[in-house]
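S.K.: Under the working numbering, the residues of the sequence shown are numbered 7 to 187, in order. For glycine and all other residues, C-beta sits at the position ideal for the given N, C-alpha and C. Since we're looking at a predicted model, the values are computed, not measured.
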Amino acid sequence: MALTVGDQFPGITVPVQQGVSALPAGETIDLSKTDGKWKVVFFWPKDFTFICPTEIIGYGDLVKDFADRDAVLIGASTDTDFVHFAWRKSDERLANCDFPWIADNKKELADALGIVHQDAGVALRATFIVDPHNVIQHVTVNGLNQGRNPAEAIRVLDALQTDELCPCNWKAGEEVLKPAA
7 MALTVGDQFP
17 GITVPVQQGV
27 SALPAGETID
37 LSKTDGKWKV
47 VFFWPKDFTF
57 ICPTEIIGYG
67 DLVKDFADRD
77 AVLIGASTDT
87 DFVHFAWRKS
97 DERLANCDFP
107 WIADNKKELA
117 DALGIVHQDA
127 GVALRATFIV
137 DPHNVIQHVT
147 VNGLNQGRNP
157 AEAIRVLDAL
167 QTDELCPCNW
177 KAGEEVLKPA
187 A
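#1: Whose C-alpha, out of K95, D74, L68, is nearest the C-alpha of L29?
#2: Buried or exposed for E98, please, with buried defined as at least 16 other CB atoms from any protein chain shown within 10 angstroms of its CB.
#3: Provide the residue span of the alpha helix (DSSP H) that contains K45, from first to last.
#4: Curious, which full-length beta strand (DSSP E) runs of at least 3 residues does the stretch 15-78 contain?
#5: Considering Cα atoms alone, identify which of G81, I121, Q167, V182 is closest to L9.
#6: Over the uninterrupted beta strand (DSSP E) stretch that includes H144, give me the two end residues.
#7: Have a look at A118 and D87 and give me their C-alpha separation to the nearest angstrom.
#8: For S38, which of D53, Q14, V182, D110 has the nearest alpha-carbon?
#9: Quick one: give me the first and last residue of the beta strand (DSSP E) that V162 is part of.
#10: Excluding the 5 residues preceding and the 5 following C58 in the sequence, name in chain order all residues of the same chain whose CB lies nearer than 6 Å to its CB.
#11: Short check: CB of L163 to CB of W44, under 8 Å?
#12: Consult DSSP for F105 and reduce its assignment to one of helix, strand or coil.
#13: Kindly list the residues whose CB is nearer than 7 Å to the CB of T168, restricted to its own chain and excluding five residues on each side of it in sequence; keep chain order.
#14: Three or more C-beta pairs closer than 8 Å, one from the stretch 18-29 and one from the stretch 103-118: is that the case here?
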C-alpha cells in the first residue's frame, strides 16, 4: 500500500550521494529531520537510463526555486551511492545537479513508500511534497515510461504554501478562491 497525503513521511536514515569531488564514504541523510523546511523527494527507476537524466536535470534546474520556497530537493533511486557517483562523473549535466541523491539499493524507503514496481523491482517515478512537520501533502506517481514536469512540483508547492483554496491551473500570484460564508 502506497503512502499518500496526510501520512507521515518515513523518518529513516538512508545512504546518500552528492557531488563528484570525492568517492562515496558512507554519507547518510536522516529523513526525519526537516529543519523547518519542506521537502520535495522524487524517485527515478534506474541510473544510466534514458528518461531519468531528463527528469534529474529538470529538477536540478529548479534547485534555487525550491530553496526560494524554503524547500529542499532530494532525488532517489534504488541504485547504490557508487552507481550515482559514476553516473554523475560520466555526465557534466548530472554532475551540476547539486542536491542529494538517495542510494536506496536496499529499497527501504521505496518499500516504505509503496512505490516499487512489482515486476521490474525498481522505484516508480514518484514525487512527494512533504511539509515541515514531515507530513506528505502531495504525491504523484508515474509509470516507468512517462517523464514528469518538474515545474508542476513548483506550482503545487506554491499552492500548498498558500494554505488557501487554489483553483485548477492556479499559479503563484493569481487569485485564490474565497467562498462566501
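M.R.: From the atom records:
#1: Numbered from its first residue, the sequence shown carries residue 29 at position 23. Nearest C-alpha to L29: K95.
#2: Taking the first residue of the sequence shown as 1, we reach residue 98 at position 92. Classification of E98: exposed, given that the 10 Å Cβ count is below 16.
#3: Translated into positions along the sequence shown, residue 45 becomes position 39. Looking at the DSSP string, K45 is not in any alpha helix (DSSP H); the run it does join, the beta strand (DSSP E), is 44-49.
#4: 19-23, 34-36, 44-49
#5: Locating residue 9 in the sequence shown gives position 3, counting from the first residue. When each option's Cα is compared against that of L9, the closest is I121.
#6: For this step, residue 144 is matched to residue 138 along the sequence shown. H144 -> beta strand (DSSP E) spans 142-148.
#7: In the sequence shown, residue 118 corresponds to position 112, counting from 1. In the sequence shown, residue 87 corresponds to position 81, counting from 1. If you take the alpha carbons of A118 and D87, they lie about 19 Å apart.
#8: As a first step, residue 38 is located in the sequence shown; it is residue number 32 there, counting from the start. Taking only the C-alpha atoms, the option nearest S38 is Q14.
#9: Along the sequence shown, read from residue 1 onward, the residue named residue 162 stands at position 156. Counting along the chain, V162 falls outside any beta strand (DSSP E), though it belongs to the alpha helix (DSSP H) covering 156-168.
#10: If you number the sequence shown from 1, residue 58 lands on position 52. Taken in chain order, the residues that qualify are W50.
#11: Taking the sequence shown and counting its residues from 1, the one referred to as residue 163 is at position 157. Taking the sequence shown and counting its residues from 1, the one referred to as residue 44 is at position 38. Contact flag set, yes.
#12: The residue you call residue 105 lines up with position 99 of the sequence shown. Residue state, collapsed to three classes: coil.
#13: Residue numbering aside, residue 168 sits at position 162 when the sequence shown is read from its first letter. Only V182 meet the Cβ criterion.
#14: yes
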